[in-house]
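Numbering (full-length UniProt numbering), first residue to last: 1 to 686.
Using N, Cα and C, we set each Cβ at its ideal position, and we do this for glycine too.
Here's the structure, in structure tokens; my notes come after.
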């Protein structure tokens with residue numbers, strides 16, 4: 001059930017329960033100019049900060065829109081129950097000692113369940129959270145200091161961690177913060193639901209999430225759809241790894257498809273950006289607030305130093321940002337403005353010939369911004385204002401602003417070190433539509449994330465994610481032959497093969513298939529390590545001898561025709577992620593699986609376009625494309641093979657536990673692909 005959070009986060013009346021923390025809530029609301037009613041509730045006090053105190057929920061003059069409950073955990077449950085019965089709009093549960101403390105307090109889990117039951121249909125935040133700050137309306141259910149100011153429009157930042165929220169509120173980067181909300185234990189209301197609620201506020205431009213764990217896949221999908229509909233981007237800082245992702249498995253797939261990799265694939269599918277650090281989150285939100293999602297990864301960079309140009313170029317190597325070459329029509333105007341000694345390139349070192357000259361700098365920046373880049377960056381580190389004169393740096397700022405306004409292009413000024421841009425300068429740039437970036441790495445991370453969102457939004461809306469509850473029965477592992485036959489039924493090409501129970505029967509099967517053959521022991525997970533696979537056997541006698549050698553570890557034998565020399569070997573796998581459900585993995589296979597860690601994740605269902613793009617991003621794609629004059633692999637057949645595996649997983653979503661097809665032998669173009677080995681684990685309902 002989706003509860004409306006409007007009254008809670010945009011209240012016209014606030015009730016506060018408790019002593020010291022409740023007093024702080026009133027103080028902060030007064031300080032920030034909250035214009036609604038505030039009703040303190042206390043069993044002994046007659047007034048708090050000049051306001052009449054009430055003794056209970058029943059005595060309040062009305063049902064409050066929002067309540068801050070700052071009492072102990074036992075009393076919290078009773079107050080929440082009374083507020084729900086009174087028809088209140090929602091409450092912040094400040095107390096700790098619930099599920100987050102279950103290792104220390106045996107009743108923590110039971111108390112959290114009781115709290116949720118007491119709330120019923122009334123929304124609650126927490127427990128174990130500070131609450132929220134709404135700087136659009138001056139409504140703060142927040143029992144502490146903060147560093148924010150009233151604004152008319154800005155971004156929202158949501159986190160489970162109250163301390164992280166405090167830290168973000170103190171930022172001095174020029175980011176206009178409209179909301180900061182904490183979710184604590186997310187006992188009832190999760191971050192995705194909170195994000196949906198703040199997106200509906202027309203004064204919010206973008207949302208940032210600091211996520212320790214996804215509370216609900218359905219809520220996350222709903223957030224992604226609403227974000228796209230409203231054209232208000234969402235970016236996440238996802239941290240933490242689930243315990244489920246650490247469970248031992250019998251295949252290579254799990255080592256490739258860790259929970260963190262699945263999270264990235266899931267967010268990319270949904271069109272939600274992802275960054276790695278808090279500074280990156282804040283810088284990305286600044287870019288999204290000013291420019292929104294970027295249409296692509298093409299950026300330009302200008303600086304008055306070759307050293308800075310090199311820093312920008314090097315920082316782009318590990319990212320998708322593309323320093324696209326200048327257009328022909330840009331070169332001559334730049335040459336005329338900057339002089340003959342400047343190398344016209346991107347990144348561009350414009351030297352100091354135009355330093356302090358607003359007219360010439362504007363001309364150069366305008367020419368660069370006419371190149372159709374998604375984002376145009378100028379590197380500029382300010383001197384210390386307490387010791388130096390920054391007049392020429394301010395001139396450069398105004399030249400960037402002039403050029404951006406003249407062209408309508410997205411522009412940003414990058415301080416290579418965060419401390420080298422004054423907060424007042426950052427605020428001035430934001431007011432004029434230029435993004436003030438604190439740090440080169442952070443600026444490029446922001447460009448990457450914003451372009452990823454833009455590209456996701458340019459594609460048709462993805463189909464809903466595959467949702468299927470896992471089977472609860474005991475896991476069973478199919479034999480290799482059974483696994484291959486199951487996959488073949490969905491179109492995957494497998495070698496021609498026969499099973500046998502004795503060495504003699506294996507030799508006879510080889511004679512019927514024709515030599516050379518491969519002999520494998522059935523019932524062995526990692527055959528190579530166990531000595532349960534022999535390649536290129538040329539006679540029945542060789543097959544019999546090999547079978548006798550592996551009889552001690554194998555429950556039977558599989559004899560298959562030998563596959564020709566491949567261009568490349570890949571792995572196709574699937575596993576059940578605790579949040580995203582069954583997901584597909586593709587990557588470098590054979591002995592390279594863990595050696596080069598070259599893989600991509602596909603959430604399901606998928607399509608041919610997504611499969612092709614994922615394969616193209618792999619390092620091993622160079623082999624498939626004919627590395628150093630070698631033959632090209634059958635790319636189309638590989639795409640079809642991945643689609644076949646995806647079809648099998650989707651059809652068996654409720655029972656599949658793991659799939660491992662390794663290696664997929666990609667033969668030269670036109671010759672197809674062959675699944676040389678396969679493992680499937682199923683967990684059927686009892």
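> Among all the DSSP beta bridges, which residues are the ones paired with residue 179?
Replying inline: As a working note, residue 179 is residue 179 in the chain shown. BP columns for residue 179 point to 134, 156.
> When burial is assigned at 16 or more other CB atoms within 10 Å of the CB, is residue 460 buried or exposed?
Replying inline: Sequence index remark: in the chain shown, residue 460 carries index 460 (1-based). Exposed is the label assigned to residue 460, since fewer than 16 other Cβ atoms lie within 10 Å of its Cβ.
>> Taking the alpha helix (DSSP H) that residue 214 belongs to, which residues open and close that run?
In response: Sequence index remark: in the chain shown, residue 214 carries index 214 (1-based). Neither: residue 214 is in no alpha helix (DSSP H) and is coded neither H nor E.
>> Could you tell me the alpha carbon to alpha carbon distance between residue 321 and residue 683, rounded to whole angstroms?
In response: As a working mapping, residue 321 is identified with position 321 in the chain shown. As a working mapping, residue 683 is identified with position 683 in the chain shown. Rounded to the nearest angstrom, the two C-alpha atoms are 43 Å apart.
> Among all the DSSP beta bridges, which residues are the ones paired with residue 412?
Replying inline: On the chain shown, position 412 is the one that residue 412 refers to. Its beta-bridge partners are 377, 435.
> Name the DSSP bridge partner or partners of residue 198?
Replying inline: Taking the chain shown and counting its residues from 1, the one referred to as residue 198 is at position 198. Under DSSP, residue 198 forms no beta bridge with any residue.
> CB residue 127 to CB residue 95, shorter than 8 Å?
Replying inline: Within the chain shown, the letter at position 127 stands for residue 127. Within the chain shown, the letter at position 95 stands for residue 95. Result yes, Cβ atoms of residue 127 and residue 95 sit closer than 8 Å.
> Distance, Cα to Cα, residue 462 vs residue 227?
Replying inline: Locating residue 462 in the chain shown gives position 462, counting from the first residue. Locating residue 227 in the chain shown gives position 227, counting from the first residue. If I take the Cα positions, the gap works out to 14 Å.
>> Using a Cβ-Cβ cutoff of less than 7 Å, which residues in the same chain neighbour residue 637 once the five nearest sequence positions on both sides are dropped?
In response: Along the chain shown, one-based indexing puts residue 637 at 637. The beta carbon of residue 637 is closer than 7 Å to those of 672, 673 in its chain, skipping five residues each way along the sequence.
>> Measuring only the C-alpha atoms, how far is residue 584 from residue 675?
In response: Position 584 of the chain shown, counting from 1, holds the residue named residue 584. Position 675 of the chain shown, counting from 1, holds the residue named residue 675. Rounded to the nearest angstrom, the two C-alpha atoms are 16 Å apart.
> Can you give the Cα-Cα distance for residue 379 and residue 281, rounded to whole angstroms?
Replying inline: Residue mapping note: residue 379 aligns to position 379 of the chain shown, counting from 1. Residue mapping note: residue 281 aligns to position 281 of the chain shown, counting from 1. Those two C-alpha atoms are separated by around 20 Å.
> Thinking C-beta only, is residue 13 closer than 8 Å to residue 36?
Replying inline: In the chain shown, counting from the first residue as 1, residue 36 sits at position 36. In the chain shown, counting from the first residue as 1, residue 13 sits at position 13. Closer than 8 Å, so yes.
> Does the Cβ of residue 41 have 16 or more other Cβ atoms within 10 Å, making it buried, or fewer, making it exposed?
Replying inline: In the chain shown, the residue the question calls residue 41 occupies position 41. Buried, because 16 or more other Cβ atoms sit within 10 Å of the Cβ of residue 41.
>> So for residue 17, helix, strand or coil by DSSP?
In response: The sequence position of residue 17 within the chain shown is 17, counting from 1. Look at residue 17 here: in three-state DSSP terms it is strand.
>> Using the three-state DSSP reduction, which class does residue 295 fall into: helix, strand or coil?
In response: Along the chain shown, one-based indexing puts residue 295 at 295. In the structure shown, the three-state DSSP call for residue 295 is coil.
> Within the chosen definition, does the segment 187-199 reach the segment 431-445 through at least 3 CB pairs nearer than 8 Å?
Replying inline: no
> Which parts of the segment 35-76 are runs of the beta strand (DSSP E), unbroken and 3 residues or longer, counting only runs that do not cross its ends?
Replying inline: 37-41, 66-70
>> Relative to the C-alpha of residue 670, which candidate in 639, 634, 642 has its C-alpha closest?
In response: Against the chain shown, residue 670 aligns to sequence position 670. Ranking the options by Cα distance to residue 670, first place goes to 634.
> Would a C-beta distance cut-off of 8 Å place residue 352 and residue 304 closer than the cut-off?
Replying inline: Along the chain shown, one-based indexing puts residue 352 at 352. Along the chain shown, one-based indexing puts residue 304 at 304. Closer than 8 Å, so yes.
>> Measuring straight from C-alpha to C-alpha, what distance separates residue 279 and residue 114?
In response: Stepping through the chain shown from its first residue, residue 279 is reached at position 279. Stepping through the chain shown from its first residue, residue 114 is reached at position 114. Roughly 38 Å separates the two Cα atoms.
>> Nearest by alpha-carbon distance to residue 187: which of 273, 161, 98 is it?
In response: Here the question's residue 187 lines up with position 187 in the chain shown. With respect to the C-alpha of residue 187, the residue from 273, 161, 98 having the closest C-alpha is 98.
>> At the level of alpha carbons, what is the spacing between residue 66 and residue 368?
In response: Stepping through the chain shown from its first residue, residue 66 is reached at position 66. Stepping through the chain shown from its first residue, residue 368 is reached at position 368. One C-alpha to the other measures close to 51 Å.
> Rounded to a whole number of angstroms, what is the C-alpha to C-alpha distance between residue 437 and residue 171?
Replying inline: Locating residue 437 in the chain shown gives position 437, counting from the first residue. Locating residue 171 in the chain shown gives position 171, counting from the first residue. Roughly 13 Å separates the two Cα atoms.
> Using DSSP with H/G/I as helix, E/B as strand and the rest coil, what is residue 301?
Replying inline: Position 301 of the chain shown, counted from the first residue, corresponds to residue 301. Assigned with DSSP and collapsed to three states, residue 301 falls in strand.
> Using the rule of at least 16 other Cβ atoms within 10 Å of the residue's Cβ for burial, across every protein chain shown, is residue 236 buried or exposed?
Replying inline: Here residue 236 corresponds to residue number 236 of the chain shown, with the count starting at 1. The residue is buried, with at least 16 neighbouring Cβ atoms inside 10 Å.
> Hey, out of 574, 15, 208, 74, whose CA is closest to residue 61's CA?
Replying inline: Start at 1 with the first residue of the chain shown, and residue 61 comes out as number 61. Comparing Cα-Cα distances from residue 61 to each of 574, 15, 208, 74, the minimum goes to 15.
> Over what stretch of residues does the alpha helix (DSSP H) that includes residue 164 continue unbroken?
Replying inline: In the chain shown, the residue the question calls residue 164 occupies position 164. Residues 162-169.
>> Only counting the same chain, and skipping five residues up and downstream in sequence, which positions put a Cβ closer than 6 Å to that of residue 390?
In response: If you number the chain shown from 1, residue 390 lands on position 390. In the same chain as residue 390, and ignoring 5 residues on each side of it, the C-beta atoms closer than 6 Å to its own belong to 382, 383, in chain order.
> If you follow the alpha helix (DSSP H) that residue 527 is part of, which residue opens it and which one closes it?
Replying inline: Looking up residue 527 in the chain shown gives position 527. That run of the alpha helix (DSSP H) goes 527-530.
>> Which of the three DSSP states is assigned to residue 453 in this structure?
In response: As a first step, residue 453 is located in the chain shown; it is residue number 453 there, counting from the start. In the three-state reduction of the DSSP assignment, residue 453 falls in the helix class.
>> Tell me the DSSP secondary structure of residue 372 in three-state form.
In response: As a position in the chain shown, residue 372 is number 372, starting the count at 1. DSSP places residue 372 in coil when its eight states are reduced to three.
>> Can you find the residues in the same chain that come closer than 7 Å, C-beta to C-beta, to residue 564, ignoring five residues on each side of it along the sequence?
In response: In the chain shown, residue 564 corresponds to position 564, counting from 1. Sequence-distant partners of residue 564 (beyond 5 residues in either direction) whose C-beta falls short of 7 Å from its own C-beta, in its chain, are 667.
> Does the segment 155-165 come close enough to the segment 177-184 to have 3 or more Cβ pairs within less than 8 Å?
Replying inline: The segment 155-165, when compared against the segment 177-184, does touch it at the 8 Å Cβ threshold.
> Under the three-state reduction of DSSP, which class applies to residue 12: helix, strand or coil?
Replying inline: Along the chain shown, read from residue 1 onward, the residue named residue 12 stands at position 12. Note: residue 12 maps to coil in three-state DSSP.
>> Bridge partners for residue 210 per DSSP, in chain order?
In response: Against the chain shown, residue 210 aligns to sequence position 210. According to DSSP, residue 210 bridges with 159, 237.
> Between residue 454 and residue 617, what straight-line distance do the alpha-carbon atoms span, to the nearest angstrom?
Replying inline: Against the chain shown, residue 454 aligns to sequence position 454. Against the chain shown, residue 617 aligns to sequence position 617. Between residue 454 and residue 617, the C-alpha separation is close to 19 Å.
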